[in-house]
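Colleague: Those letters in the sequence shown? Residues 2 to 740, by my numbering.
We treat Cβ as the ideally placed atom computed from N, Cα and C, and that holds for glycine.
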Amino acid sequence: MHSVSAEKTTHPVLIFWILAGWVGFCLLPWYMLEDGLWSFEWLIDGYPFDEDYAPAAFLVGQGEKLWLAPLLIPLALPFLVLGRPKSDPLYARVLVLSGALGFGWLVAQGFGIGIRGFNYDWLKALFGDLGDRQFGMGYGAMICASAFLFLFTQGIAARGAINGDVFVVSAIGGVIAIVTAFVFFPIAKMLFAAFITEEGAYSVSVFISKFFDDRLWGLGCLAGARCGAAWNSLFLAIAVGLITTVLGLAFALVVTRSGFRHKRALRALTVLPIITPPFVIGLALILLFGLSGTITVFFAELLGVQPTRWLYGLPGVLIAQTLAFTPIAFLVLIGVVEGVSPSMEEAAQTLRANKWQTFRTVSLPLMRPGLANAFLLGFIESMADFGNPLVLGGNFDVLSTEIFFAIVGAQYDQGRAAVLAMVLLFFTLSAFYAQRVWLGKKSYTTVTGKGDAGVHPLIPTGLAIPVMIIALGWALFTAIVYAMIVYGSVVELWGVNNSLTFKHYVTAFSVRFEDEGIRWTGAAWDSFWTTIMIAAIAAPLTAAVGLVTAYLLTRQDFAGKNAFEFGTMLSFAIPGTVIGVSYILAFNVPPIEITGTGVILVISFIFRNMPVGVRAGIASMSQLDRSLDESSLTLGANSWQTFRRIILPLLRPAILAALVYSFVRAMTAISAVIFLVSANYDMATSYIIGRVENNDYGLAIAYSTTLIFVMLAAVGLLQLLVGRVQIGRRTLHGTEKSP
């Protein structure tokens with residue numbers, strides 16, 4: 002009797018989404034507000050009868066926007082199954098029908114009706130001129146669409162999909178929906194431009210002529226001339242991927258497997274480049290190694306030779322990208338190195354393997370997922386980066402800068418930019434496929450549900466010496482570059498007048514205390530607070546979406562899994578410039594009309610940086626035995642409880658990597674931001690670029706230096722809040738840690 006009554010009880014999640022749908026339709030503004038989603042002035046300004054702020058129910062009641070009225074039918078349908086058991090076939094059918102009808106109608110009216118009425122001539126011919134317009138989706142439409150989506154996924158789960166697991170099916174449906182809306186849709190809109198002629202028609206010949214351009218595929222470098230941008234990008238990306246992976250592994254080993262005493266300082270130093278606007282590293286390198294750079298001039302005078310412009314081209318871009326992207330490899334690898342179970346290594350030593358044999362045959366093979374993911378991220382970052390090649394590239398053309406100039410240059414050739422983006426995407430997806438082949442189907446599980454009181458052994462001396470030399474040498478070089486940046490922020494004019502001054506900081510961040518309170522009088526405060534707000538909102542959302550996606554990819558098997566994984570990596574493989582332009586093209590008109598708002602910045606950061614959370618999560622979860630999940634499920638927990646209580650606590654390195662990376666990249670992003678900022682939402686990097694364009698280098702460097710210290714503090718705080726995984730209970734000295 003107890004089981005029967007439990008079977009008839011309606012799941013509270015169903016009630017929640019039914020209520021959410023009605024709240025969205027009846028109580029919240031249906032369309033996007035003029036001041037964006039974060040404005041609440043509508044509550045005291047004509048709500049709920051003003052057409053700009055009215056919920057859908059009030060619009061329909063006043064005879065406005067009558068195309069919203071049919072949504073009442075799918076909103077009412079779920080009431081038919083309240084109290085019915087999930088095993089009842091009607092339960093699944095009604096929820097699937099309700100979700101599909103509601104979501105489908107929202108999409109259809111969203112794309113069918115635009116700013117000037119009907120978007121398609123056949124709709125005008127069928128129904129006549131509409132005489133009305135539609136705005137972008139707001140609170141109400143967004144929540145209503147979410148309700149229909151999750152009613153649909155609950156119906157699919159009730160039909161037995163993935164063992165009827167509501168959490169897993171809903172998570173898959175939610176990720177597919179948002180990736181489709183904010184990755185596939187805008188990028189598809191951009192790439193279609195590759196086939197559009199000057200007259201607006203579609204033509205394959207236009208694509209072919211741009212694809213086989215000599216500037217793209219030319220092999221002039223074999224004859225001593227310039228090489229094509231495609232080959233330059235490929236060679237650079239492979240080199241950066243390999244070097245950053247080696248450096249990242251060296252840093253991770255020094256921090257986790259050596260007796261080096263200053264690990265905290267080294268860890269902080271490795272993170273420095275990732276929290277710096279890329280062009281600032283380029284400026285520092287120029288002032289160190291440029292034609293008139295400090296080090297170049299010193300050695301030229303010492304050796305009696307003429308200074309050269311050796312920095313501009315492949316060497317400079319390679320150094321700058323290695324500086325910028327090594328921290329990404331380190332953040333991915335440190336979690337994997339820490340995650341190798343000490344008992345595996347102790348077992349090898351028990352079988353009389355020495356430290357070198359243990360590291361080579363046990364530790365290193367178990368780190369392969371991390372090494373593969375670190376290389377992949379370094380490769381993709383190099384391909385997509387345009388800031389460093391823009392500053393240091395010289396005559397060394399790469400795909401990202403060619404795309405940038407095709408979009409913002411005098412030519413404004415969206416078709417060429419789209420073709421270049423396709424080539425870039427082909428390279429990055431090829432690297433993705435090569436990574437999958439290299440990893441194969443081997444198991445890298447080291448953490449099971451069994452107790453593990455082991456301790457990681459130190460790396461062998463023969464390896465420790467070169468690893469320490471590489472890590473400390475690169476750390477010293479990084480410290481010199483950053484010392485130059487800090488020095489440049491406190492001189493009158495870097496390289497010209499080296500008189501010490503704090504005027505740049507005063508201009509940017511001056512504060513005045515008055516009777517009314519604090520007045521932020523500095524020129525940089527507006528962009529600073531906006532950047533902090535956007536980054537703070539985007540970071541946890543990015544980590545959440547990334548780690549849930551990683552959980553689905555590593556723990557669940559479902560149809561279309563490979564396409565699902567491809568979609569999550571797609572936005573990372575496309576340069577930020579293309580992301581920015583594609584977002585403008587896709588989201589400047591209904592149904593998602595968010596250009597010029599802070600929402601578009603948050604969304605672009607989430608889906609631009611989400612792949613890092615995905616890859617870090619996959620690398621860490623591949624080491625967690627599935628028996629942990631099975632034990633939890635056997636004890637009566639559902640998938641959501643298992644994910645929250647078992648998996649997440651063991652993923653602290655991955656959570657930290659995702660939070661840190663997404664926060665600092667939102668603070669320092671440049672490529673997409675250039676296209677998406679507005680008067681109300683100006684970001685720090687766009688403000689700094691404006692100062693650079695006005696030759697106000699001191700203020701730009703002072704602002705960048707301030708951002709570096711702010712983000713260092715934020716990284717430390719995140720590390721403190723997230724904590725770390727403690728697999729073994731002993732320290733390197735064998736003493737037990739207190740709980």
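Residues in its own chain within less than 7 Å of residue 295 by CB, not counting five upstream and five downstream?
Modeller: In the same chain as residue 295, and ignoring 5 residues on each side of it, the C-beta atoms closer than 7 Å to its own belong to 288 and 289, in chain order.
Colleague: How many angstroms separate the CA atom of residue 570 from the CA atom of residue 92?
Modeller: 36 Å
Colleague: Rounded to the nearest angstrom, what separates residue 641 and residue 170 at their Cα positions?
Modeller: 11 Å
Colleague: Using DSSP with H/G/I as helix, E/B as strand and the rest coil, what is residue 493?
Modeller: In the structure shown, residue 493 sits in a strand (DSSP, three-state: E or B).
Colleague: Give me, in chain order, the residues of the same chain whose beta-carbon lies closer than 7 Å to that of residue 644; leave out the 5 immediate sequence neighbours on both sides.
Modeller: 552
Colleague: What is the DSSP secondary structure of residue 233, counted as helix, strand or coil?
Modeller: helix
Colleague: For residue 450, name the three-state secondary structure that DSSP assigns.
Modeller: In this predicted model, residue 450 has a pLDDT of only 47, less than 50, meaning its place in the structure is not dependable; the value taken from the coordinates is given anyway. Residue 450: coil per DSSP, three-state reduction.
Colleague: Is residue 684 helix, strand or coil by DSSP?
Modeller: Three-state DSSP puts residue 684 in coil, outside helix and strand.
Colleague: Distance check for residue 244 and residue 175, CA to CA, integer angstroms please.
Modeller: 37 Å
Colleague: With a threshold of 8 Å, are at least 3 pairs of Cβ atoms found where one atom belongs to the stretch 17-27 and the other to the stretch 69-79?
Modeller: yes
Colleague: Am I right that residue 554 and residue 656 are in contact with their C-beta atoms under 8 Å? What's the rounded C-beta distance?
Modeller: Not confirmed; about 16 Å, so no contact.
Colleague: For residue 521, write down the residues that DSSP places opposite it in a beta bridge.
Modeller: 512
Colleague: Expressed to the nearest angstrom, what Euclidean distance is found between the alpha-carbon atoms of residue 580 and residue 675?
Modeller: 11 Å
Colleague: Excluding sequence positions up to five away, which residues of its chain have a Cβ less than 7 Å from the Cβ of residue 97?
Modeller: 153, 156 and 157
Colleague: Comparing C-alpha positions only, which one of 291, 594, 103 and 210 sits nearest to residue 136?
Modeller: 594
Colleague: Give the DSSP-derived three-state secondary structure of residue 206 in the structure shown.
Modeller: It is helical.
Colleague: For residue 506, count the other beta carbons within 10 Å of its own beta carbon; 16 or more makes it buried, fewer makes it exposed. Which is it?
Modeller: So residue 506 counts as buried.
Colleague: Compare the Cα-Cα distances from residue 431 to each of 166, 239 and 706 and report the closest residue.
Modeller: 239
Colleague: So residue 374 is in the alpha helix (DSSP H); what residue range does that whole segment cover?
Modeller: 369-385
Colleague: Taking 6 Å as the limit between beta carbons, can you name the residues of its chain near residue 111, skipping five residues before and five after?
Modeller: 592
Colleague: Give the secondary structure of residue 260 by DSSP, where H, G and I count as helix, E and B as strand, and everything else as coil.
Modeller: Residue 260 carries a coil assignment under DSSP once its states are collapsed to helix, strand and coil.
Colleague: Which residues mark the beginning and the end of the beta strand (DSSP E) in which residue 501 is found?
Modeller: 498-501
Colleague: Start and end of the alpha helix (DSSP H) containing residue 21?
Modeller: 13-27
Colleague: Any contact between the stretch 242-259 and the stretch 408-427? By contact I mean 3 or more CB pairs, one from each, below 8 Å.
Modeller: Contact between the stretch 242-259 and the stretch 408-427 is absent, because fewer than three Cβ pairs lie under 8 Å.
Colleague: Which partner residues does residue 32 have in the DSSP bridge list?
Modeller: 138
Colleague: Exposed or buried, residue 475, counting other C-beta atoms within 10 Å across all chains shown (16 or more means buried)?
Modeller: buried
Colleague: Anyone know if the C-beta pair for residue 86 and residue 99 falls short of 8 Å?
Modeller: no
Colleague: Please report how far the alpha carbon of residue 692 lies from the alpha carbon of residue 482, in whole angstroms.
Modeller: If you take the alpha carbons of residue 692 and residue 482, they lie about 21 Å apart.
Colleague: Report the CB separation of residue 254 from residue 468 in whole angstroms; it is logged as a contact under 8 Å.
Modeller: 5 Å
Colleague: Which same chain residues end up closer than 7 Å to residue 418 when comparing Cβ atoms and leaving out the 5 residues on each side of it in sequence?
Modeller: So the list reads 404, 407, 408 and 579, once near-sequence residues are dropped.
Colleague: How long is the line joining the alpha carbons of residue 736 and residue 343, rounded to whole angstroms?
Modeller: Confidence at residue 736 is low in this model, with a pLDDT of 43, below 50, so the placement of that residue is unreliable and no value is reported for it.
Colleague: For the alpha helix (DSSP H) that contains residue 640, what are its first and last residues?
Modeller: That run of the alpha helix (DSSP H) goes 640-643.
Colleague: Please determine if the stretch 675-686 and the stretch 645-655 are in contact, where contact requires at least 3 C-beta pairs separated by less than 8 Å.
Modeller: no
Colleague: How should residue 220 be labelled, buried or exposed, when 16 other C-beta atoms within 10 angstroms of its C-beta is the threshold for buried?
Modeller: exposed
Colleague: Please list the segments of the alpha helix (DSSP H) lying wholly inside the stretch 579-664, counting only runs of 4 or more residues, in order along the chain.
Modeller: At a cut-off of 4 residues, the continuous stretches assigned as alpha helix (DSSP H) that sit fully inside the stretch 579-664 are 599-622, 628-635 and 640-643.
Colleague: By how many angstroms is the C-alpha of residue 106 removed from the C-alpha of residue 151?
Modeller: Cα to Cα, the separation comes out at about 15 Å.
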